[in-house]
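Chains as they are written, first to last, in our numbering: chain R, 3 to 260; chain L, 1398 to 1645.
Beta carbons: idealized from backbone N, C-alpha and C, even for Gly.
A short write-up of the structure that comes next.
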Amino acid sequence: MDWAFFADQLLTPTDKFIKAFFLVIYMSLISMFFGIIIGAFFAILRLSKNFFFQFFSFLYIWIFRSVPVMVWFVLFYTGFAMAGIFRFQDIEIFNVVIRGNVQAAIICLSMREAAYMAEVIRGGILSVENGQIDASKSLGMSWWQSMYRIILPQSLRVVVPPMGNNFNIMLKTTALASVIGVEELFLTTRTISAATFKVFEMFLVLAIAYLIITMGWSLLQILMEYRLNRHEQDPDKNFIEKIKENFSFSKNIHRDGA
Amino acid sequence: MFLSINNLNKHFGTNHVLKNVSTNLKKGEVMSVIGPSGSGKSTFLKCINYLEYPSSGTINLNGEFIGTDQNGKLMSERIIHKQRKKFGMVFQNFNLFWHMNLIENIIEAPIRVLKIEKNRAIEIAEDLLEKVGLIDKRNSFPKKLSGGQQQRGAIARALAMNPEVMLFDEPTSALDPETINEVLKVIEKLAIEGMTMLIVTHEINFAKKISSRIMMLDEGVVIDDSYTKDFFNSNSNQRKYSFLNQDL
Chain R
3 MDWAFFADQL
13 LTPTDKFIKA
23 FFLVIYMSLI
33 SMFFGIIIGA
43 FFAILRLSKN
53 FFFQFFSFLY
63 IWIFRSVPVM
73 VWFVLFYTGF
83 AMAGIFRFQD
93 IEIFNVVIRG
103 NVQAAIICLS
113 MREAAYMAEV
123 IRGGILSVEN
133 GQIDASKSLG
143 MSWWQSMYRI
153 ILPQSLRVVV
163 PPMGNNFNIM
173 LKTTALASVI
183 GVEELFLTTR
193 TISAATFKVF
203 EMFLVLAIAY
213 LIITMGWSLL
223 QILMEYRLNR
233 HEQDPDKNFI
243 EKIKENFSFS
253 KNIHRDGA
Chain L
1398 MFLSINNLNK
1408 HFGTNHVLKN
1418 VSTNLKKGEV
1428 MSVIGPSGSG
1438 KSTFLKCINY
1448 LEYPSSGTIN
1458 LNGEFIGTDQ
1468 NGKLMSERII
1478 HKQRKKFGMV
1488 FQNFNLFWHM
1498 NLIENIIEAP
1508 IRVLKIEKNR
1518 AIEIAEDLLE
1528 KVGLIDKRNS
1538 FPKKLSGGQQ
1548 QRGAIARALA
1558 MNPEVMLFDE
1568 PTSALDPETI
1578 NEVLKVIEKL
1588 AIEGMTMLIV
1598 THEINFAKKI
1608 SSRIMMLDEG
1618 VVIDDSYTKD
1628 FFNSNSNQRK
1638 YSFLNQDL
């Protein structure tokens, strides 16, 4: 064990490693963003009265949850190019070059995430009391208004915890994109360790890098849930007290119906 | 007639819940709907603003057919959504939006549906909160309010849409006896102001006090529909007699 090398890599990582670190974050964020939007769309389709819509949504969820995302990566990027269907080209947005394989990875991750999020959001929508929907209708709100202003916001309380789970998984699933040559953390670490033969040291650094990313996310989720519990908080308490209260499980277990 | 309901029928599967219910209300009239549990009172109320679609029958408010045309042909969902705002509805379980505070609850629909400017909507909402005695609870969330306060807030929310008719679905059934009165007082105030109202209630004494008409439903059939004093003076109907005497 070469502690000097380990400390060096941890405290002053190479540019390549830092780039990979941020690539993981932005790939996950973009994929999650599209995953939520497309997922909400399929959740609503699944809950519609139209049988064709329901079936279409069911089919989508089934397909994208069934095939490993690694298979999608290869199919979309390498497979499509080989079959002459579509070749992902590098594109430049705001002076940032997005490589073709990164685009393919984002699309696959988004599509897969949408399938999982569709079920999470469907659960959230089903958790909203009928009385709330009746109330919004009785005030003359249209279907879209009551969905957007009442049902979806109320479903967030149920949606956010599993969504946090999904995002945590997503951050780590990006490692699989190494299979199509995306230079994210895993592949970069492999490259460095192969050149230096310091496998143990390098992968320890990698593990810590993932810990840091997921910790950042966990803190963000605490803030989100804090905001969502606005209706239960005592306005006289300060921020820290409220966060603490929000963090304790006893309060949530003893919660009565909203 | 201001509000006329003609031969309303409602089926839930094979269950015939409302059987040819008809009635007429003049503007400013207050009608209480009473009857045992499962008699179809709440369903009747929900059919009026199409929260439940009636199986057949027509509803006419001030010359305009609601939900269907005069031949009973169903209108599009979009039109039904728009027509609902003519009726203010107050629910047994209040159903204030729990993710919004009181003032947000009240201004939501006026801003989104009536397209009233936000500042103006807040003014209207504050006046209404004053009226129901909740102005000091302006920024409270529903969960922090008592049942009676929530129900008064819900009444203010319905009134903010400036409805032509108010529908009350057992407004005091979920309240403890001490807070029932504060809600009844608000409803009484509305009656005095000349609001046309339909009230489904178990509070027979209250019904007697504020309504000009009383309708009794039993198993989806109108047992009696008459002016309040006639309603309590005639004991012609056996079913009504037994209901009133066990309840009073």
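> Would you report the Cα separation of V69 (chain R) and E115 (chain R), rounded to the nearest angstrom?
Replying inline: 12 Å
> Whose Cβ in chain R lies nearer than 7 Å to the Cβ of K1606 (chain L)?
Replying inline: Under the 7 Å cutoff, chain R gives no residues; its nearest Cβ is about 26 Å from K1606 (chain L).
> Residue range of the beta strand (DSSP E) that N1417 (chain L) falls in?
Replying inline: N1412 to L1422
> Span of the beta strand (DSSP E) holding K1541 (chain L)?
Replying inline: No beta strand (DSSP E) holds K1541 (chain L); DSSP gives it neither H nor E.
>> Is it buried or exposed, E1426 (chain L), if we count other Cβ atoms within 10 angstroms and call 16 or more buried?
In response: buried
> V2 (chain R) to T191 (chain R), Cα distance in whole Å?
Replying inline: Nothing can be reported for residue 2 (chain R): it is not among the residues displayed for chain R, which extend from 3 to 260.
> Is R1535 (chain L) helix, strand or coil by DSSP?
Replying inline: coil
> Quick one: what's V1430 (chain L) bridged to in DSSP?
Replying inline: L:V1597 and L:M1612
> What are the residues of the segment 1415-1441 of chain L that lie near chain R, defined by any Cβ-Cβ distance shorter than 9 Å?
Replying inline: none
> Which full runs of the beta strand (DSSP E) of 3+ residues lie inside the segment 1562-1596 of chain L, going along the chain?
Replying inline: 1562-1566
> Quick one, are the C-beta atoms of E1561 (chain L) and N1459 (chain L) less than 8 Å apart?
Replying inline: yes
> Leaving out five residues before and five after N168 (chain R) in sequence, what residues of the same chain have Cβ atoms less than 6 Å from its Cβ?
Replying inline: Y118
>> Rounded to the nearest angstrom, what separates W145 (chain R) and F1491 (chain L) at their Cα positions?
In response: 21 Å
>> With distance defined between alpha-carbon atoms, name the residue in R:M204, R:I215, R:L222 and R:I242 nearest to T14 (chain R).
In response: R:M204
>> Considering only their Cβ atoms, is the gap separating L187 (chain R) from L208 (chain R) smaller than 8 Å?
In response: yes
>> If you follow the alpha helix (DSSP H) that L1478 (chain L) is in, where does it begin and where does it stop?
In response: Here residue 1478 (chain L) is His; the residue named in the question, Leu, does not match the sequence. Counting along the chain, the alpha helix (DSSP H) containing H1478 (chain L) begins and ends at E1474 to R1481.
>> Rounding to the nearest angstrom, what Cα-Cα distance links P164 (chain R) and A120 (chain R) in this structure?
In response: 12 Å
>> My parser needs the alpha helix (DSSP H) runs of 4 or more residues fully inside the segment 40-117 of chain R; what are they?
In response: 53-68, 71-76 and 82-85
> In this structure, does DSSP put V181 (chain R) in helix, strand or coil?
Replying inline: helix
> Can you pull the DSSP bridge partners for L1471 (chain L)?
Replying inline: L:T1465
> Of all the CB atoms in chain R, is at least one closer than 8 Å to the CB of N1490 (chain L)?
Replying inline: yes
> Does any residue of chain L bring its CB to less than 8 Å from the CB of E234 (chain R)?
Replying inline: yes
> Which bits of chain R does E1600 (chain L) rub up against, with CB to CB less than 8 Å?
Replying inline: Simply none; closest approach about 21 Å.
>> Using a Cβ-Cβ cutoff of less than 7 Å, which residues in the same chain neighbour K1413 (chain L) once the five nearest sequence positions on both sides are dropped?
In response: Residue identity check: residue 1413 (chain L) is His in the sequence provided, not Lys. Hits under 7 Å: G1617.
> Hey, I1596 (chain L) and S1429 (chain L): beta-carbon distance below 8 Å or not?
Replying inline: yes
> If we ignore side chains and look at the alpha-carbon of each, how far apart do L1493 (chain L) and I1532 (chain L) end up?
Replying inline: 16 Å
> In three-state DSSP terms, what is M1398 (chain L)?
Replying inline: coil
> Does the segment 1612-1626 of chain L touch the segment 1415-1424 of chain L, meaning 3 or more C-beta pairs lie closer than 8 Å?
Replying inline: yes
> Helix, strand or coil for V1618 (chain L) per DSSP?
Replying inline: strand
> Between the beta-carbon of F53 (chain R) and the beta-carbon of L178 (chain R), is there less than 8 Å?
Replying inline: no
>> Less than 8 Å between the C-beta atoms of A1551 (chain L) and F1488 (chain L), yes or no?
In response: yes
> Using CA coordinates, which residue listed in R:T175, R:K139 and R:Y212 is at the minimum distance from Q1480 (chain L)?
Replying inline: R:K139
> What does DSSP give as the partner residues of H1496 (chain L) in its beta bridges?
Replying inline: Partner(s): none; H1496 (chain L) has no beta bridge.
>> Alpha carbons only, please: which of L:K1637, L:S1623 and L:A1506 is nearest the one belonging to L1422 (chain L)?
In response: L:S1623
> Counting only beta-carbon atoms, is P163 (chain R) nearer than 8 Å to chain L?
Replying inline: no
>> Among R:F58, R:L222, R:I153 and R:I182, whose alpha-carbon lies nearest the alpha-carbon of F90 (chain R)?
In response: R:I182
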